[in-house]
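Following UniProt numbering, the numbering of the sequence shown begins with 2 at its first residue and continues without gaps. Where is the CB? At the ideal position from N, CA and C, for every residue including glycine.
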Amino acid sequence: TSLTNGDAGSLNKVPTIKFTKLFINGDFVDSLSGKTFETIDPRTGDVIARISEGDKEDIDIAVKAARHAFDNGPWPRLPGSERARILLKWAEIIEENAEELAALDAIDAGKLYHMCRNVEVPAAANTLRYYAGAADKIHGEVLKMSREFHAYTLLEPLGVVGHITPWNFPNTMFYIKVAPSLAAGCTMVLKPAEQTPLSALFSAHLAKLAGIPDGVINVVPGFGPTAGAALSSHMDVDKVSFTGSTQTGRVIMQAAAKSNLKQVSLELGGKSPLIIFDDADIDKATELALLGILYNKGEVCVASSRVFVQEGIYDEFEKKLVEKAKAWVVGDPFDPKVQQGPQVDKEQFEKVLSYIEHGKKEGATLLTGGKTVGNKGYFIEPTIFSNIREDMLIAQDEIFGPVMALKKFKTTEEAIKSANNTKYGLAAGIVTKNLDTANTVSRSIRAGTIWINCYFAFGDDVPFGGYKMSGFGKDHGLEALHKYLQVKSVVTPLYNSPW
Ligand code: ADP
2 TSLTNGDAGS
12 LNKVPTIKFT
22 KLFINGDFVD
32 SLSGKTFETI
42 DPRTGDVIAR
52 ISEGDKEDID
62 IAVKAARHAF
72 DNGPWPRLPG
82 SERARILLKW
92 AEIIEENAEE
102 LAALDAIDAG
112 KLYHMCRNVE
122 VPAAANTLRY
132 YAGAADKIHG
142 EVLKMSREFH
152 AYTLLEPLGV
162 VGHITPWNFP
172 NTMFYIKVAP
182 SLAAGCTMVL
192 KPAEQTPLSA
202 LFSAHLAKLA
212 GIPDGVINVV
222 PGFGPTAGAA
232 LSSHMDVDKV
242 SFTGSTQTGR
252 VIMQAAAKSN
262 LKQVSLELGG
272 KSPLIIFDDA
282 DIDKATELAL
292 LGILYNKGEV
302 CVASSRVFVQ
312 EGIYDEFEKK
322 LVEKAKAWVV
332 GDPFDPKVQQ
342 GPQVDKEQFE
352 KVLSYIEHGK
362 KEGATLLTGG
372 KTVGNKGYFI
382 EPTIFSNIRE
392 DMLIAQDEIF
402 GPVMALKKFK
412 TTEEAIKSAN
422 NTKYGLAAGI
432 VTKNLDTANT
442 VSRSIRAGTI
452 WINCYFAFGD
462 DVPFGGYKMS
472 GFGKDHGLEA
482 LHKYLQVKSV
492 VTPLYNSPW
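In structure tokens, the structure reads:
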């Protein structure tokens with residue numbers, strides 16, 4: 002496994018860090034306290050930059066700016082087509098700056114540079130385009146009501162939105178939150194994860210270049226229990242849209258309930274099953290299973306962390322899976338040959354390793370992996386456990402790392418029961434050529450997304466979000482646009498009514 006800096010050409014892409022301060026009301030400013038925190042390069046554990054640390058007082062100022070922009074500014078009042086024009090311009094600017102945006106996520110989160118550059122950043126531009134297309138098609142209904150009255154509905158922007166984002170897909174999360182709320186006409190304060198603030202700050206700069214008016218987007222880096230808590234308990238924030246852990250989602254919902262009953266949408270954890278039936282193409286199935294758990298080093302809410310394989314192909318599947326996992330290339334995420342970079346930080350690295358130890362102690366069979374890679378940074382081998390029992394911690398908890406729990410099954414009924422044996426319900430995958438099996442299983446699994454013969458297939462127009470303790474409220478699709486709108490009913494008498 003190579004832990005060098007990859008080939009020289011690719012590594013020259015490591016960016017200069019230009020933006021490290023809070024972005025409030027159109028300007029980059031220091032935090033009131035003057036405090037800063039370090040953001041770390043997970044390849045080495047070295048400090049990349051010091052970032053201004055936002056706290057409650059900074060959140061207050063940012064929310065005031067967003068409130069002023071909402072109550073008095075042009076943004077919510079612009080014709081949808083004008084908002085669309087700015088979003089489309091921003092999409093172009095993203096493409097012009099794709100390399101820098103991609104490199105910021107690669108260095109800050111240990112993500113594969115080429116995946117960011119070729120997939121995630123272009124997708125972020127397209128997310129803006131999708132919602133730009135919707136911005137001038139927001140309309141209510143005309144309702145008949147009764148003989149004497151006539152009613153119609155208006156879809157109004159919800160107001161000031163607080164976005165709290167995680168560290169695994171910094172660019173993607175920024176744009177799937179910001180784009181629909183901007184199209185709806187909302188203003189916002191976004192708190193990026195403390196592990197990965199760099200691309201959100203750069204995107205704030207791009208927003209300004211695109212012509213987003215001051216105060217419409219504010220970005221306040223800081224920690225969860227301080228800045229994040231201030232946002233979710235703020236009396237003047239109308240909604241919090243959160244993506245992160247189930248545990249933090251619960252805290253945010255409590256804060257919302259205790260303060261002003263602001264709306265909440267939560268995209269939380271998962272322990273998603275991938276069910277592979279006897280009729281599957283084994284090569285394709287092993288590839289899906291590996292991609293499902295190793296993409297973004299397993300730091301994916303929809304990771305297929307539980308894989309159920311039918312008994313007829315189990316042995317051959319296991320053999321091929323292990324061979325491929327052993328050949329998987331872990332190393333510098335800027336190296337185009339590398340398939341898996343480092344875990345995001347020391348805390349996650351240690352957490353994943355402790356789950357691996359737990360798996361061994363609980364008696365699961367470690368088929369491959371389990372160790373760290375190299376002597377610096379936070380690299381972990383692709384790890385596969387078999388012979389798991391469903392009550393084991395490694396089969397129940399979201400590990401958020403490159404750790405798969407593999408289990409054999411006999412019947413479809415058994416697979417469905419196992420797949421649903423989780424508190425989560427974010428996604429599931431099914432691999433089969435049998436349409437009846439695919440239909441039966443997809444309707445029997447309690448999860449928000451079902452992938453048949455594919456995995457990680459996202460679309461701007463395809464609603465995404467969880468069932469059960471994976472949360473509620475969708476990202477993507479027109480559902481996400483409606484999440485940032487509210488319905489007003491307007492009633493008027495028709496004839497000479499006594500009113
Ligand atoms: P993880 O534990 O994997 O870092 P979290 O769900 O805690 O995942 O983090 C996701 C986001 O939630 C981050 O931006 C983080 O700062 C924020 N966060 C953490 N704790 C709180 C909290 N108490 N209130 C609001 N936001 C929080």
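Query: Taking the alpha-carbon of F309 as reference, which of A85, G375, V162, K418 has the nearest alpha-carbon?; Result: K418
Query: Which residue's Cα is closest to the Cα of N98: D461, V331, P123?; Result: P123
Query: For R78, I'd like the list of residues in its chain whose CB is within less than 7 Å of its CB, leaving aside the five on either flank, ordered along the chain.; Result: none
Query: Does the region 269 to 285 come close enough to the region 244 to 259 to have 3 or more Cβ pairs within less than 8 Å?; Result: yes
Query: Nearest by alpha-carbon distance to L354: which of E312, G299, I139 is it?; Result: G299
Query: Say yes only if the C-beta of E324 is nearer than 7 Å to one or more non-hydrogen atoms of ligand 1, and no if none qualify.; Result: no
Query: Report, in whole angstroms, the separation of the C-beta atoms of residue 506 and K259, which I expect to be a contact under 8 Å.; Result: Outside the shown range of the chain (2 to 500) lies residue 506, about which nothing can therefore be said.
Query: Among T423, A201, H140, V323, which residue has its Cα nearest to the Cα of P383?; Result: V323
Query: For G472, which residues in the same chain have their Cβ closer than 7 Å to its Cβ, ignoring the five residues on either side in sequence?; Result: G250, L267, E268, L269, G466
Query: Among I62, L394, G46, which residue has its Cα nearest to the Cα of D31?; Result: I62
Query: Taking only runs of the alpha helix (DSSP H) that begin and end inside the region 439 to 495, which ones reach a length of at least 4 residues, in chain order?; Result: 478 to 484
Query: Using DSSP with H/G/I as helix, E/B as strand and the rest coil, what is L159?; Result: coil
Query: Specify, as a first and last residue, the run of the beta strand (DSSP E) that L427 falls within.; Result: Careful: L427 lies outside any beta strand (DSSP E) and carries neither H nor E.
Query: Tell me, please, whether the region 44 to 54 touches the region 203 to 219 by the rule of three or more beta-carbon pairs shorter than 8 Å.; Result: no
Query: Using a Cβ-Cβ cut-off of 8 Å (strictly less than) and excluding sequence neighbours within five positions of residue 503, which residues of its own chain qualify?; Result: Look at the range of the chain in this structure, 2 to 500, and you will see that residue 503 is not part of it.
Query: What ranges does the beta strand (DSSP E) occupy inside the region 184 to 250, keeping only unbroken runs of at least 3 residues that lie completely in it?; Result: 188 to 192, 218 to 220, 240 to 244
Query: Which partner residues of R307 appear in the DSSP bridge assignment?; Result: P274, A406
Query: Can you tell me whether N440 is buried or exposed, with buried defined as 16 or more other CB within 10 angstroms of its CB?; Result: exposed
Query: What beta strand (DSSP E) runs, 3 residues minimum, are completely inside the region 47 to 74?; Result: 47 to 53
Query: Tell me which residues pass a beta-carbon proximity test against ligand 1: closer than 6 Å to any heavy atom, given in chain order.; Result: I165, T166, P167, K192, A194, E195, F224, G225, P226, G229, A230, S233, G245, S246, T249, V252, I253
Query: Threshold first: 4 residues or longer. Then list the alpha helix (DSSP H) segments lying entirely within the region 76 to 133, N to C.; Result: 81 to 97, 99 to 110
Query: Would you grab the beta carbon distance between R84 and L183 for me? Rounded to a whole angstrom, and I think it's under 8 Å.; Result: 7 Å
Query: According to DSSP, which residues form a beta bridge with D42?; Result: D47
Query: Have a look at the DSSP bridge pairing and note the partners of D28.; Result: I25
Query: Using only alpha-carbon positions, find the residue among Y114, K36, L232, K321 that is nearest to D284.; Result: K321
Query: State the start and end residues of the unbroken alpha helix (DSSP H) segment that holds I314.; Result: 312 to 328
Query: Just the Cα atoms here: how many angstroms apart are V252 and G225?; Result: 10 Å
Query: Return yes when the Cβ of L159 is within less than 8 Å of the Cβ of A185, no when it is not.; Result: yes
Query: Is R444 buried or exposed, if buried means 16 or more other CB atoms sit within 10 Å of its CB?; Result: exposed
Query: Relative to the C-alpha of Y468, which candidate in I453, G449, Y456 has its C-alpha closest?; Result: G449
Query: Consult DSSP for H140 and reduce its assignment to one of helix, strand or coil.; Result: coil
Query: Below 7 Å, is the gap between the Cβ of L479 and the nearest heavy atom of ligand 3?; Result: Questions concerning ligand 3 fall outside what the structure shown contains, since the ligands it does hold are ligand 1.
Query: Measuring CB to CB, does M116 end up less than 8 Å from I294?; Result: no
Query: For a test of the three-state rule: what should DSSP assign to E300, helix, strand or coil?; Result: coil
Query: K484: buried (16+ other C-beta within 10 angstroms of its C-beta) or exposed?; Result: buried
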